[in-house]
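**Q** Sharing a structure with you now.
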Amino acid sequence: MAAYIIADVRVTDPVAYELYKSLTPDAIARNGGRFLSRGGETVVLEGDWQPNRVVILEFPDMATAKAFYESPEYRKARDARRDAADFKMIVVDGL
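Residue numbering for the sequence shown follows full-length UniProt numbering, beginning at 1 and increasing consecutively.
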């Protein structure tokens, strides 16, 4: 069953965030994932959620998504974004 990582990202340092953005595609691909959304336009349909930059990743399953998050490649990317953005991130099972 596919699993999806969903992140709501508030970029605080756009210049530093560019390094994070350059590191993530390889980390995602090496761990069997792919981008479904990477910061496109959002429209709130219900509620008071005011999302920032929304990113959605697809992985083959929950274990693979978690392995991506803990991978050396993504740890390097996370270190690069430490002072560049605030993240809210979840992983959820698909159907």
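Where is the CB? At the ideal position from N, CA and C, for every residue including glycine.
When the Cα atoms are used, what is the spatial distance from MET1 to ARG30?
**A** For this step, residue 1 is matched to residue 1 along the sequence shown. For this step, residue 30 is matched to residue 30 along the sequence shown. Spanning the two alpha carbons is a distance of roughly 19 Å.
**Q** Name the two residues that bound the continuous beta strand (DSSP E) containing VAL11.
**A** Counted from its first residue, the sequence shown places residue 11 at position 11. Counting along the chain, the beta strand (DSSP E) containing VAL11 begins and ends at 3 to 11.
**Q** Which same chain residues, not among the five before or five after GLU73, have their C-beta less than 8 Å away from its C-beta?
**A** Translated into the one-based positions of the sequence shown, residue 73 becomes position 73. Spatial neighbours of GLU73 in its own chain (CB-CB distance under 8 Å, excluding positions within 5 residues in sequence) are listed in chain order as LEU23, ASP26, ALA27, ARG30 and ASN31.
**Q** Quick check on this structure: which residue in ARG38, PRO51 and LEU19 has the alpha carbon closest to the alpha carbon of GLU58?
**A** On the sequence shown, position 58 is the one that residue 58 refers to. When only C-alpha atoms are compared, the closest one is ARG38.
**Q** Contact defined as beta carbons within less than 8 Å: I believe VAL11 pairs with ALA84. What is the distance between those atoms, to the nearest angstrom?
**A** Counting from one through the sequence shown, the residue named residue 11 turns up at place 11. Counting from one through the sequence shown, the residue named residue 84 turns up at place 84. The pair is a contact, with the Cβ atoms about 7 Å apart (cut-off 8 Å).
**Q** Take residue 140 and list the residues in its own chain whose beta-carbon comes closer than 6 Å to its own, dropping the five residues that flank it on each side.
**A** This structure does not reach residue 140, given that the chain is present from 1 up to 95, and the question cannot be answered.
**Q** Just to confirm, is the Cβ distance from ILE56 to ILE90 under 7 Å?
**A** The count along the sequence shown starts at 1 and reaches residue 56 at position 56. The count along the sequence shown starts at 1 and reaches residue 90 at position 90. No Cβ-Cβ contact shorter than 7 Å links ILE56 with ILE90.
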